[in-house]
Amino acid sequence: MSDRWEWKFIEDVAQVVNGGTPKTKVPEFWDGENLWITPAEMGNRETPYLGESRRTLSSQGLDNCSASLVPEKSVILSTRAPIGHLVINTVPMAFNQGCRALVTGDRLNYKFLYYFLFKNVDTLNDLGTGTTFKELAAGKLKKLRIPVPPLAEQKRIVAILDESFAGIDAAIVNTEKNLANARELFEICTSEVIFGDPEKRGWQRKHVFELALPEKGAIRTGPFGSQLRHGEFVESGVAVLGIDNAVNNKFMWGKKRYISEEKYQQLKRYTVRPGDVLITIMGTCGRCAIVPEDIPAAINTKHLCCISLDRGLCLPEFLHAYFLYHPVARRFLESRAKGSIMAGLNMGIIKDLPVWLPSLEEQKEIVERVGELGEETLRLRSVYEQKKLALLELKQSFLQKAFSGELAAENSEKELDGAVA
Numbered sequence: 028m029s030d031r032w033e034w035k036f037i038e039d040v041a042q043v044v045n046g047g048t049p050k051t052k053v054p055e056f057w058d059g060e061n062l063w064i065t066p067a068e069m070g071n072r073e074t075p076y077l078g079e080s081r082r083t084l085s086s087q088g089l090d091n092c093s094a095s096l097v098p099e100k101s102v103i104l105s106t107r108a109p110i111g112h113l114v115i116n117t118v119p120m121a122f123n124q125g126c127r128a129l130v131t132g133d134r135l136n137y138k139f140l141y142y143f144l145f146k147n148v149d150t151l152n153d154l155g156t157g158t159t160f161k162e163l164a165a166g167k168l169k170k171l172r173i174p175v176p177p178l179a180e181q182k183r184i185v186a187i188l189d190e191s192f193a194g195i196d197a198a199i200v201n202t203e204k205n206l207a208n209a210r211e212l213f214e215i216c217t218s219e220v221i222f223g224d225p226e227k228r229g230w231q232r233k234h235v236f237e238l239a240l241p242e243k244g245a246i247r248t249g250p251f252g253s254q255l256r257h258g259e260f261v262e263s264g265v266a267v268l269g270i271d272n273a274v275n276n277k278f279m280w281g282k283k284r285y286i287s288e289e290k291y292q293q294l295k296r297y298t299v300r301p302g303d304v305l306i307t308i309m310g311t312c313g314r315c316a317i318v319p320e321d322i323p324a325a326i327n328t329k330h331l332c333c334i335s336l337d338r339g340l341c342l343p344e345f346l347h348a349y350f351l352y353h354p355v356a357r358r359f360l361e362s363r364a365k366g367s368i369m370a371g372l373n374m375g376i377i378k379d380l381p382v383w384l385p386s387l388e389e390q391k392e393i394v395e396r397v398g399e400l401g402e403e404t405l406r407l408r409s410v411y412e413q414k415k416l417a418l419l420e421l422k423q424s425f426l427q428k429a430f431s432g433e434l435a436a437e438n439s440e441k442e443l444d445g446a447v448a
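As structure tokens, this is what we get:
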């Protein structure tokens with residue numbers, strides 16, 4: 028870092044302005060000509076610039092609270108719930124007590140300050156205190172140290188970061204499109220190419236209840252209400268399966284829950300078997316997994332519908348693929364999901380699900396093709412996610428160099444070209 032750079036406290040180079048909220052039950056304080064924002068409007072934005080607000084204050088509202096208008100090109104920082112959202116206002120604006128504004132003078136470029144705070148969001152969070160939620164106090168923000176080069180150097184750094192970040196953001200958007208395209212291609216291939224038109228292929232139309240083993244309880248949910256209480260879970264014993272075991276559309280051991288052998292004897296009719304198909308019917312509903320062959324003794328909770336199939340008719344792997352990817356299944360389930368607070372399924376809906384059923388040989392072929400396509404999709408997804416991560420890390424690299432006096436335009440262009448290639 029050049030000896031022309033100086034370390035300053037924020038309060039030495041910017042004015043820190045607090046926010047506020049007038050009484051919400053006084054209508055005269057609201058719906059005026061003054062923009063007024065909250066942290067909720069500041070996150071997940073494509074641009075740091077903000078020139079509108081969901082709510083406005085009247086002049087009377089401003090006069091009756093601690094909020095005040097800050098001039099355009101101020102840096103507004105959310106200081107609680109959460110700490111670290113950042114915007115630059117393009118017009119005069121006020122804000123609530125969850126934010127503080129930093130108004131720069133003639134020694135500090137506002138965009139230079141924005142980038143400095145953006146780089147140091149983790150530090151800002153570390154400075155926060157509080158039990159219910161953390162808040163960054165004005166005093167701590169004022170005493171945050173910032174490296175301040177000459178104004179011309181600040182503008183040069185900002186210009187390089189602006190150009191570099193624009194290129195990175197464009198590359199991230201393109202990467203996210205590629206991710207979406209990979210998912211869409213997988214869905215198209217499974218629904219149109221692999222499954223195809225079932226009537227033309229001579230498949231039989233069945234329902235799930237016709238594919239289950241011909242025995243009582245072949246399709247079942249878990250114990251309800253007083254049959255199994257949380258207080259009856261123990262440290263070890265017979266496993267209890269829930270949503271977390273199927274939420275990723277493949278069986279995974281999630282939170283370990285057990286009941287005693289004695290309790291299991293009371294609930295034995297809810298036993299899950301190797302090859303059973305599990306479908307989540309509450310919470311995150313519509314996920315599907317197959318119980319592995321090496322499953323120990325276990326039961327399922329009321330949040331899962333468990334299907335024991337007649338494997339002479341339908342393979343578990345086929346029903347799993349059909350349930351997740353066949354358009355007939357998806358439309359049927361989406362149209363019948365119930366629940367006023369969150370969508371939910373029930374055992375009756377699952378039993379009535381129409382299934383176009385090919386021969387066992389065709390089922391095996393379809394399962395194999397879906398698996399191959401799924402592996403290729405996962406490979407592409409991994410490639411694109413790694414590229415996105417590398418681009419985000421490149422932003423931090425540029426910021427690190429910017430505030431240590433090492434940022435050069437030529438090197439930045441080379442790094443950017445290499446990352447987006």
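Residue numbers (the working numbering): 28 to 448. All residues carry an ideal CB built from backbone N, CA and C; glycine is no exception.
Straight-line gap, residue i to residue j (C-alpha atoms, nearest Å)
i	j	result
L384	C341	8 angstroms
K277	H112	36 angstroms
H234	A325	27 angstroms
K161	Q124	13 angstroms
Q231	P225	8 angstroms
A197	R72	14 angstroms
P323	Q413	36 angstroms
C92	N152	27 angstroms
F260	E237	35 angstroms
Q42	A417	36 angstroms
D321	G302	10 angstroms
G46	G310	38 angstroms
E203	V114	23 angstroms
T106	A348	47 angstroms
Q87	F359	55 angstroms
I393	G229	15 angstroms
F122	L178	28 angstroms
L135	R183	13 angstroms
S85	Y137	27 angstroms
L144	F251	51 angstroms
Y291	S253	14 angstroms
T158	G194	40 angstroms
D146	K415	One detail in the question is off: residue 146 reads as Lys in this sequence, not Asp. Their backbone Cα atoms lie some 18 angstroms apart in a straight line.
K378	E289	31 angstroms
M369	N275	Because M369 sits at a pLDDT of 47, beneath the cut-off of 50, its placement in the model cannot be relied upon, and the following sentence gives the value as read from the coordinates. So the two alpha carbons sit approximately 19 angstroms from each other.
Cβ-based burial, residue i [other Cβ within 10 Å; buried from 16]
i	result
P343	buried
W63	buried
Y142	buried
L405	exposed
S367	Caution applies to S367, whose pLDDT of 44 falls short of 50 and renders its modelled position unreliable; the value that the coordinates give is listed next. Its Cβ having fewer than 16 others within 10 Å, S367 is exposed.
S431	exposed
Y76	exposed
N208	exposed
H257	exposed
M279	exposed
G244	exposed
E433	exposed
Pair within 8 angstroms by beta-carbon distance, residue i and residue j
i	j	result
L7	I270	The question about residue 7 has no answer here: the residues shown for the chain are numbered 28 through 448.
W32	V185	no
M120	I246	no
L351	C315	yes
F213	G401	yes
N61	L89	yes
V97	V44	yes
L336	A356	no
A239	I306	no
L268	N327	yes
R396	I215	no
L140	F425	no
Assigned secondary structure, residue i (DSSP; H/G/I helix, E/B strand, else coil)
i	result
L308	In the sequence as presented, Leu is not what sits at residue 308; that position holds Ile. Coil at I308, not helix or strand.
H353	coil
T217	helix
V267	strand
D196	helix
A325	strand
N201	helix
K23	Absent from the structure is residue 23, since the part of the chain shown begins at 28 and ends at 448.
T248	strand
D30	coil
P319	coil
A41	strand
N61	strand
R72	coil
L331	strand
F260	coil
R210	helix
Closer than 7 angstroms: residue i CB and nearest the ligand ATP heavy atom
i	result
E99	Inclusion of the ligand ATP in the displayed structure is not the case, the ligand content being empty and no account of it being possible.
Please specify which runs of the alpha helix (DSSP H), each continuous and at least 4 residues long, are wholly inside the stretch 75 to 163, giving them in chain order.
86 to 90, 137 to 146 and 148 to 154
Entirely within the stretch 351 to 429 and at least 4 residues each: give me those alpha helix (DSSP H) ranges in chain order.
354 to 363, 374 to 379 and 387 to 429
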